[in-house]
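Mapped onto the UniProt record's numbering, the consecutive letters of the sequence shown carry residue numbers 1 to 100. No residue lacks a Cβ here, since even glycine has one placed at the ideal position from N, Cα and C. Remember, predicted model here, so these are calculated numbers, not experimental data.
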Amino acid sequence: MGVWMTVAQAAAVANLLLLGALGWVWVGNYRSHGASHTLAYLVFATFLFVENIVWLYLYLLDDAFIRWYEITTPTIQLSMAALCGLETIALLAVARITWR
Numbered sequence: 001m002g003v004w005m006t007v008a009q010a011a012a013v014a015n016l017l018l019l020g021a022l023g024w025v026w027v028g029n030y031r032s033h034g035a036s037h038t039l040a041y042l043v044f045a046t047f048l049f050v051e052n053i054v055w056l057y058l059y060l061l062d063d064a065f066i067r068w069y070e071i072t073t074p075t076i077q078l079s080m081a082a083l084c085g086l087e088t089i090a091l092l093a094v095a096r097i098t099w100r
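Put into structure tokens, the structure is as follows:
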């Protein structure tokens with residue numbers, strides 16, 4: 001397994017943790033205020049949560065995907081890891097704003 005696969009796996013786990021924490025806060029806010037934009041945040045977080053579960057499944061358990069990832073070009077490996085990493089950075093920004 002290459003370094004970019006490990007980076008992508010770590011980013012997917014971090015994304016799941018961040019989305020879980022953000023979802024917890026947003027559920028509480030929605031129960032308190034009932035604001036429609038908070039419900040939209042929850043829907044958004046749910047879709048991203050499912051996306052990261054799928055990525056983690058592919059990165060850890062799907063043998064065909066893992067074999068493909070290992071033989072593909074380093075540019076593709078870096079790009080896929082970068083997408084997961086960029087999502088982590090975006091979620092960190094949202095988390096910082098949410099927890100202020």
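Contact between the region 74 to 83 and the region 3 to 19 is present: three or more C-beta pairs spanning the two stretches fall below 8 Å.
Closest in alpha carbon position to Phe44, among Arg100, Trp99, Ile97 and Leu91, is Leu91. Across the set Trp99, Thr46 and Cys84, the C-alpha of Cys84 shows the shortest separation from the C-alpha of Leu58. With 16 or more neighbouring CB atoms inside 10 Å of its own CB, Ala12 falls in the buried class.
Counting C-beta atoms within 10 angstroms of its own C-beta, Leu61 has fewer than 16 neighbours from the protein chains shown and is therefore classed as exposed. The C-beta of Glu87 has 16 or more other C-beta atoms within 10 Å across all chains shown, which makes the residue buried.
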